[in-house]
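Using the working numbering, the first residue of the sequence shown is number 339, and each one after it goes up by one. For each residue, glycine too, the CB sits at the ideal point set by N, CA and C. Let me begin by presenting the structure, written as structure tokens, before commenting on it.
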Amino acid sequence: MADPDFSVGSNIGNLLRTIGSWSRPSGRGLFMFRSMVVSSSIAVLLGVASAATFGFLTGSGNLGFVVGSCIGFVSASVQYYRQCLRQALVALEEHPRLIQLHLAYNFPWLGYHRLGPAQLSPEYWRRSLARQGNLVAAWQSASGALDEIHDRKTQLLVDTIVKESVRYKADRVDEIETAKGLIEE
């Protein structure tokens with residue numbers, strides 16, 4: 339069973355804070371770090387595949403590796419950002435006050451602590467690339483709290499299902515005993 343106090347995200351966030359305060363709980367720095375890891379991984383895979391293909395076709399895979407890895411890094415970075423933005427917008431819709439708290443914490447100089455209800459809607463954030471970047475950073479820093487909310491909701495749902503199952507089984511036992519009693523009579 340996993341240690342509940344161990345969290346890769348928080349450990350990476352702590353590392354980033356230690357090496358230069360890139361992040362205030364873990365927003366911007368954590369996004370940059372995760373983006374680099376994802377993009378570099380895809381760049382290596384696509385670069386090696388392109389090198390093999392170019393090597394087979396031309397006898398030398400150097401140019402294939404350079405082109406493939408560049409395309410892989412850029413496309414993975416863009417796709418990772420777009421996926422993070424989609425998840426951040428969903429989180430904003432579901433938990434606007436939590437995201438506002440992390441916006442204000444990550445960017446205290448931008449006045450996000452004064453946002454009104456209309457400004458906490460996804461439509462407001464779709465209009466500006468700068469705000470979208472801030473939202474993604476806030477979502478990254480709120481990921482621990484969002485995970486905890488999800489875990490608690492899941493536990494409540496499981497508890498409800500178990501209680502219903504126990505009640506159903508108890509009702510079935512009563513029905514079976516009643517049926518046995520009728521058969522014996």
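- Rounded to the nearest angstrom, the Cβ distance from H440 to A480 is 4 Å, consistent with a contact under 8 Å.
- For G482, the secondary structure class from DSSP, reduced to helix, strand or coil, is helix.
- With respect to the 8 Å criterion, A475 and N444 are classified as neighbours on the basis of their beta carbons.
- For L430, the uninterrupted alpha helix (DSSP H) run begins and ends at N400 to E432, by DSSP.
- Around L423, the same chain offers Q470, L473 and V474 as residues with beta carbons nearer than 8 Å, after the five sequence neighbours per side are excluded.
- Under the three-state reduction of DSSP, R465 is assigned to coil, being neither helix nor strand.
- Distance between Q457 and R420, taken at the CA atoms: about 21 Å.
- Rounded to the nearest angstrom, the gap between the Cα atoms of V386 and F369 is 26 Å.
- The alpha carbon of E486 has as its nearest neighbour, out of L436, R372, S398 and E461, the alpha carbon of L436.
- Within a 10 Å sphere around the beta-carbon of W477 sit 16 or more other beta-carbons, which makes this residue buried.
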